[in-house]
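Numbering of the sequence shown is given in numbering that gives the first Met the number 0, commencing with residue 0 and proceeding in unit increments.
Backbone N, C-alpha and C fix where the C-beta goes; we use that ideal spot for every residue, glycine too.
Before any comments, here is the structure.
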Amino acid sequence: MDMARYIGSKWRKTVAIRKNKYLTRFVPETARLTKTSLRRQLTRYRMVYVKPEYGRHGNGVMRVEKTSSGYRYQLGNTIRNFAAFDSLFKGITTATKRKRYLVQKGIHLLKHNGRFFDIRVMTQSPAPGKWVTTGMIGRVAAKRKIVTNYHNGGKIVTAERLLRPYTRKVSVKLALLSKLGVLAGRRMSAAFPGVRVIGLDVAIDKSLKPWLLEVNTAPDPYIFRKHPDPRIFRRIMRLARTYNR
Ligand SMILES: Nc1ncnc2c1ncn2[C@@H]1O[C@H](COP(=O)(O)OP(=O)(O)O)[C@@H](O)[C@H]1O
Ligand SMILES: [Mg+2]
0 MDMARYIGSK WRKTVAIRKN KYLTRFVPET ARLTKTSLRR QLTRYRMVYV KPEYGRHGNG
60 VMRVEKTSSG YRYQLGNTIR NFAAFDSLFK GITTATKRKR YLVQKGIHLL KHNGRFFDIR
120 VMTQSPAPGK WVTTGMIGRV AAKRKIVTNY HNGGKIVTAE RLLRPYTRKV SVKLALLSKL
180 GVLAGRRMSA AFPGVRVIGL DVAIDKSLKP WLLEVNTAPD PYIFRKHPDP RIFRRIMRLA
240 RTYNR
């Protein structure tokens, strides 16, 4: 049983992270979902993600786009097209029921074999005030999926292998992600005392800029069993024992 503190609300976590001036530039614009916020973000970005405030495993996550002839959204494998914004919003409201959702600037993720991928950054606190990034690994979405989550058919591939086709500076990029993990960890424990582990979902765009999509406070350590270096998983589990007592 994981005794470290769990924070469910994606909204509260986003607000906490944005309080750090350096981190905020890596957080895509995020708002509570309303007709106004959706319209504003679609006008500004053309592609946005709509997700449940308390969602997990990629469930309920929608990709919403402005197209040449109107609008469309994808939820799971379902794609729906709409001629007008009002009918799009009605369609989304039907799909979201009465739950609370957020709308976030959509990041055009890099691809591996034609599938989207992002990077999970694992950062742990072995002692109060101390944070260390202990692992990074890539997650590749299943074919035609818009989420990379393992529980939605995502595959685990090393971050090095995923980024190598896009840059000669893979280790520089990964060093930045490692640092973002530590800064986010500090910010999270400042806002939510008791948080001792975070898993960042980091998107990388075409200019290789990282974007913090989500901060998980109960990240699955077991995906790191798939890392080719077994020391990574062992160290993650060893550190986890310091706060799972
Ligand atoms: N703003 C975004 N731009 C691009 N892809 C996104 C965005 N937000 C989420 N995703 C994709 O959806 C996945 C699930 O979203 P996330 O916010 O992590 O919620 P969950 O708690 O369900 O994992 C992400 O790992 C990523 O693949
Ligand atoms: Mg996630």
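- A distance below 7 Å between beta-carbons, with the five flanking residues on each side excluded, links residue 88 to the following residues of its chain, in chain order: 34 and 37.
- At the C-beta level, residue 47 and residue 104 come within 8 Å of one another.
- One Cα belongs to residue 68, the other to residue 184, and the distance between them is close to 43 Å.
- Proximity of the beta carbon of residue 215 to ligand 2 is indicated: a heavy atom of the ligand is located closer than 7 Å.
- The DSSP-derived three-state label of residue 213 is strand.
- Taking the Cβ of residue 204 as the reference point, every heavy atom of ligand 2 lies at 7 Å or farther away.
- Residue 147 places its beta carbon 8 Å or farther from that of residue 4.
- Judged by DSSP in its simplified three-state form, residue 242 adopts helix.
- DSSP places residue 106 outside both helix and strand once states are collapsed to three, so it counts as coil.
- Within the region 27 to 80, the complete alpha helix (DSSP H) segments of 4 residues or longer fall at 34 to 44, listed in chain order.
- Boundaries of the beta strand (DSSP E) harbouring residue 118: 114 to 126, taken from the DSSP string.
- As DSSP reads the structure, residue 100 sits in a beta bridge with 51.
- Non-local beta-carbon contacts of residue 117 in its own chain, meaning distances under 8 Å to residues more than five positions away in sequence, involve 108, 137, 138, 147, 200, 201, 202, 203 and 212 in chain order.
- Taking a contact as a CB-CB distance under 8 Å, the pair residue 51 and residue 210 does not count as one, their CB atoms being some 19 Å apart.
- Across the set 6, 40, 192 and 30, the C-alpha of 192 shows the shortest separation from the C-alpha of residue 126.
- For residue 199, the pairing in a beta bridge is given by DSSP as 120 and 214.
- In the same chain as residue 235, and ignoring 5 residues on each side of it, the C-beta atoms closer than 8 Å to its own belong to 121, 123, 133, 134, 220 and 223, in chain order.
- Take residue 84, set aside five residues on each side of it, and the residues of its chain with a beta-carbon closer than 7 Å to its own are 38 and 70, in chain order.
- For residue 13, no beta strand (DSSP E) encloses it; the enclosing alpha helix (DSSP H) starts and ends at 9 to 17.
- Counting of Cβ neighbours within 10 angstroms places residue 174 among the exposed residues, the total staying below 16.
- Between ligand 1 and residue 220, a heavy atom-to-CB distance of less than 7 Å is absent.
- A Cβ-Cβ contact shorter than 8 Å links residue 62 with residue 72.
- Residue burial annotation: residue 188 is buried, with at least 16 other C-beta atoms found within 10 angstroms of its C-beta.
- Short note on residue 151: C-beta not closer than 7 Å to any heavy atom of ligand 2.
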